[in-house]
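Data block below; observations after.
Residue numbers (the working numbering): 165 to 307.
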């Protein structure tokens with residue numbers, strides 16, 4: 165069990181490390197931090213659209229842990245590495261959609277359904293428990 169925890173934390177550390185590269189990518193539309201409004205507060209119940217075009221709200225996933233992986237679909241460096249690394253760790257944690265959810269959430273307001281569908285297909289993600297999503301209302305990215 166200790167080995168599994170070390171792998172999980174190692175994967176999460178890699179996720180955070182590479183995420184900084186993803187946000188620093190030239191041409192990305194970064195979102196300015198607003199820690200004073202958000203730190204320590206629950207996430208808003210935003211409406212998502214998954215790569216199959218299905219809509220669901222965040223709170224509908226209540227009851228199971230959620231692994232949230234921020235991405236940009238046009239990120240060619242860190243995001244694919246993070247996703248592929250997460251794919252290696254996820255099976256060791258259980259079954260996505262049964263034991264927990266995995267959401268690859270694009271923070272790029274220019275991403276669309278075609279982009280997130282292509283990302284899910286390119287990375288061969290099991291869309292039953294691992295969803296590539298975007299927010300329905302782009303303003304929700306700034307809440």
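All residues carry an ideal CB built from backbone N, CA and C; glycine is no exception.
- Item | Secondary structure of residue 233, DSSP reduced to three states | strand
- Once you ignore the five residues that flank residue 190 on each side, which residues in its own chain have a CB closer than 6 Å to its CB? The predicted position of residue 190 is uncertain, since its pLDDT is 49 and thus under 50; no value can be drawn from it.
- Item | Integer Cβ distance of residue 260 from residue 217, believed to fall under 8 Å | Not quite, the Cβ-Cβ distance comes to about 20 Å (not below 8 Å), so this is no contact.
- Flag this pair as yes or no: are the beta carbons of residue 211 and residue 219 separated by less than 8 Å? yes
- Any idea which residues DSSP pairs residue 267 with across the strands? 232 and 295
- Item | Close-in-space but distant-in-sequence residues of the same chain around residue 295 (CB under 6 Å, 5 per side omitted) | 214 and 267
- Item | Boundaries (first-last residue) of the beta strand (DSSP E) holding residue 213 | 211-214
- Message: On the criterion of 16 or more Cβ atoms from any shown chain inside 10 Å, does residue 297 qualify as buried, or is it exposed?
- Response: buried
- Task: Excluding the 5 residues preceding and the 5 following residue 232 in the sequence, name in chain order all residues of the same chain whose CB lies nearer than 7 Å to its CB.
- Result: 267 and 269
- Message: Is the beta carbon of residue 291 closer than 8 Å to that of residue 284?
- Response: yes
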